[in-house]
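Residue numbers (the numbering used here): 60 to 847. To start, the structure under review is shown below, and the notes come after it.
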């Protein structure tokens, strides 16, 4: 394989010289005297062999390195029975990287030939369109393009019948279903004022250009090459440091330190949009050190929450970065909330996508949050409306006895006066359910409630009317459809004994416990739901007032008979596990799970979630040595605006975490035979920090008492955690029981379920009427988990 003849340099002559000056330069001659058949193979570096997207693939020659060098001039690549010349070849990190173009959609036969020995190796490469899908199934449609509003670029026409309009002047030239654009390269610079600006095209150096220090100690101008385009229909961004005068097609790596950061983002959305870019695509804290930063609107939970599509998109984005720039030394991820979820879920589902992560404000996954969050409005409605005469619920902190989450008077309920004026009850303050989660139940469950920006532009008119705005429809390829053609749903509260632990501790009475469970009810199926009322949608009248979405609840018909509970679909639950929508505890990478402590401001990122992750990892792997938990304080809370208390997020521990992970990954590379936990550096230890980032305590025992029943550790004492409605009902901290196993009430009466309470015969009759199928037995596994 004569590389001087067969490999045209795309980057520069310098990079080709690096390839020639590396291991290839030691070849004794262009012809091998060996008569033995060389044992050499091909490997794919940019993706799995059966998940290539587009026409290009990055390869390497595997086998004995010296043998590969000696035989290089005798090697040939054949694609689909034709000899092909690679686009690029260079030596990086002790490995030959070969960029090959010419793949066709579908299966491709790639062969490594030897001039004397014929075919040495053969493999099948399967290529998919860059618009997707690869494995996620039929794509969601209608799909609203945003490249025009986000980038000022019109999508390419791919339809004359439907989609997003594409204009020539004032006239519609056609429509776009896939929202594709050609890649665009922009050069930016970081100003001394901390913003990004367009780099002058004349090559001049702006007076306000900032400089930055790379990890190798060099000081360089803070110039950024940013490539944007579309993959899997979403907008991607590749950002790397560049130099003034770089050509747009050069993709210079002179200031790249070899490390790649994937920035995932959070939010909650149902899809049907290409999504919005954010400043996280240009993370200056790491970009300025020489990291490359990749990002996609398809890995932003504020675009959609289909983690099968998100994982597919992440793989495609990294694949195309690798084909453009080469294989990174390692890939580390950051991202908060839904961005943290993606790190846990994708590390489980797609080993090798990321090598380490900093999940910020984490949850284990999104889908199991719906279990307890789905209870929020059921319980708030019960306390405000159904049990409105009970004075207990007028004390804000008492509401935690049912919801488990924190509650405080420091955060005033904005609907307090309205509820009282309309004859409802209320507490002056709020539980976390209200400021953090209110509105998310209809967003995820009500097919009538959603919308996306610019949907009115879609053609033909009315095309968006068919959209069912639910999480279940967004994941119809995962959960499947029932016999009526409706997406299968997950929420289930059959047998759930709300308030159980509070009753056992005598914090609520048995009478209150029985009434609560008799009348709390459940949710209607999405197909039975109607549009939301006020304060979500007008008119703001007494008749339309419904902050709890009670019009979509199953309630008692007469206030006496037990209200119907909701039963989830076991096939949907099985699929959530089987398709990797649930994080089941398989943690294949080192992570530092970091969060600001936000309990005082009733933020949705409640603190126990880090330990929910840890318990799942312990359940699955037997240890959680590769998960480190860090909390940073935000107190005292700023209460200058009584309507909106603010946490003091004065210090971000993320960048310290990345430094520790860099050391951790170096240890793993140096000691590949040791476990991830055994390679932990000294800084990778459970810790908690003050508001200014200074250390409060660290060590293996600092979080004792949260999941292990031991005496509480120093950080446990400093940062109180709360629970959930299902934990109050007896469920485990891992929070992943979609459908509990059931046991007869008679069994519960004899096994200590009710503590010291000895129900009367009438109370036993009530329990049997409320729970005809039995009550939850949380000592058994989730019934939604697939067998085996």
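A virtual CB, placed ideally from N, CA and C, is assigned to each residue, including glycine. Since this is a predicted model, take the numbers as computed values, not measurements.
Check, Outcome
"Under the three-state DSSP convention, the category residue 141 falls into", "strand"
"Residue closest to residue 755, alpha-carbon to alpha-carbon, out of 742, 774, 769", "774"
"Cut-off 6 angstroms between Cβ atoms - residues of its own chain near residue 746, not counting five sequence neighbours on either side", "689, 757"
"Continuous alpha helix (DSSP H) stretch holding residue 746: start and end", "Looking at the DSSP string, residue 746 is not in any alpha helix (DSSP H); the run it does join, the beta strand (DSSP E), is 746–748."
"Strand pairing of residue 539, partner residues [DSSP]", "DSSP lists no partner for residue 539."
"Of the residues 314, 638, 375, 111, the one placed nearest residue 160, counting alpha carbons only", "111"
"Three CB pairs or more closer than 8 angstroms across the region 522–541 and the region 500–511", "yes"
"Between the CA atoms of residue 164 and residue 426 - distance to the nearest angstrom", "34 angstroms"
"Range of the contiguous beta strand (DSSP E) that encloses residue 168", "165–173"
"First and last residue of the uninterrupted alpha helix (DSSP H) at residue 809", "804–809"
"DSSP state of residue 613 mapped onto helix, strand, coil", "strand"
"Same chain only: Cβ atoms within 7 angstroms of residue 197, ignoring 5 sequence neighbours per side", "536"
"Residues near residue 209 by beta carbon distance below 7 angstroms, same chain, minus five either side", "294, 335, 336"
"Three-state class that DSSP yields for residue 42 in the structure shown", "Only positions 60 to 847 of the chain appear in this structure, which leaves residue 42 out of reach."
"Beta-carbon proximity of residue 393 to residue 713, cut-off 8 angstroms", "yes"
"Rounded straight-line distance, which links the Cα of residue 839 to that of residue 846", "13 angstroms"
"Secondary structure, beta strand (DSSP E): runs of 3+ residues fully inside the region 368–440", "389–395, 415–419"
"Proximity to residue 254 [Cα-Cα], best of 223, 843, 338", "338"
"Assigned secondary structure, residue 288 (DSSP; H/G/I helix, E/B strand, else coil)", "strand"
"Through-space distance from residue 420 to residue 235, alpha-carbon basis", "37 angstroms"
"Cβ contact check for the region 446–463 and the region 483–494: 3 or more pairs under 8 angstroms", "yes"
"Of the listed residues 782, 95, 296, 816, nearest to residue 466 (C-alpha basis)", "782"
"Candidates 401, 282, 290, 318: closest to residue 306 by CA position", "282"
"Cα-Cα separation, residue 748 to residue 719", "16 angstroms"
"Residue 177 in three-state terms, based on DSSP", "strand"
"Residue 860 - containing alpha helix (DSSP H), residue span", "With the chain covering only 60 through 847, there is no way to say anything about residue 860."
"Residue environment, residue 602, which counts as buried when at least 16 other CB atoms sit within 10 Å", "exposed"
"Buried/exposed call for residue 356, threshold 16 Cβ in 10 Å", "buried"
"Run of the alpha helix (DSSP H) containing residue 563, from where it starts to where it stops", "559–563"
"When 584, 556, 558 are compared against residue 541, the one with the closest alpha-carbon", "584"
"Residue closest to residue 793, alpha-carbon to alpha-carbon, out of 693, 686, 673", "673"
"8 angstroms contact criterion, which residue 615 and residue 661 should meet: CB distance rounded", "Rounded, the Cβ-Cβ distance is 30 angstroms, inconsistent with contact."
"The region 734–746 / the region 623–639 touching (three or more Cβ pairs under 8 angstroms)", "no"
"Rounded straight-line distance, which links the Cα of residue 562 to that of residue 824", "18 angstroms"
"Closest residue to residue 364 among 100, 493, 639, 158 (Cα-Cα distance)", "639"
"Which of helix, strand or coil DSSP assigns to residue 459", "helix"
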